[in-house]
Structure formats: structure tokens, C-alpha cells
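Working notes, structure below.
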Amino acid sequence: MTDDPLFITVGGVDMLIDLGAERLLAAEKQGEKIAVEIKSFLNTSAITDFHLAVGQFINYRTALKIKDPQRQLFMAIPLTTYNDFFQREFATIIIEDYQLALLVYDIEDEVIALWKK
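Residue numbers (this note's numbering): 7 to 123.
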């Protein structure tokens, strides 16, 4: 972990991304700089949470492109949300169209279940 949270200022706007980290890639044995925005999807409306998460992701990704272009942004979501809402056709279309990188975490086992670029 390099920053918690990762603070970025772009065009007069301050932003806090939940985590800045370096993920080790076993195949290359070198660090890959990432940023992770953690989403819980706890509200009663999954689509409202989705709208907010996607909007935030796009804003943060743009800020990183300007200030820290080698850092890749991931949206972290619970495994249960990924298996339910994120498998719906609308969600998969948005994920593909906006090229959202996902980090899916298992709340119960406290592990990362899936990295999806």
C-alpha cells in the first residue's frame, strides 16, 4: 500500500481515491501501480449505487490519466454484488463500454476473488 487514501487535485478539484497500491505481478516480478476505489453497494437501489460508482470511476480515471498516468484504477466490489447485479445485461454493457477494471472481493473469506481488466 502506498497511499490510503490517494489524494489527487486536477483542474481545481480535489479527489480522494480509497487506496493507492502496488500489485505484484508474479509473471513479471515487478510492481504495477494501481488505485482502488472500494464500493459496498449497500443501498436499497443497486442501480443508484451503480450510477454513483461508475461516475466516480470515470472522474477518478480521468484525474489519474492527467496526474499519474501509469497508475491503473480498479473499482472494488463485493463478490455477491458481482455475481448478482454486475452479471445483468445492462451492467455488463456499461462495464464493457467504459472499460471498467474490477477487483472483486469476498467479504466472508476476506480475499480477492477476481481481478478483471
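Backbone N, C-alpha and C fix where the C-beta goes; we use that ideal spot for every residue, glycine too.
Drop a sphere of 10 angstroms on the beta-carbon of residue 104, count the other beta-carbons inside from all chains shown, and report buried for 16 or more, exposed for fewer.
exposed
Identify which residue in 18, 43, 15 has its Cα closest to the Cα of residue 81.
43
Contact under 8 Å by Cβ, residue 88 with residue 79
no
Please tell me whether residue 96 and residue 52 are closer than 8 Å, where the distance is taken between their beta carbons.
no
From the DSSP output, which residues share a beta bridge with residue 23?
12
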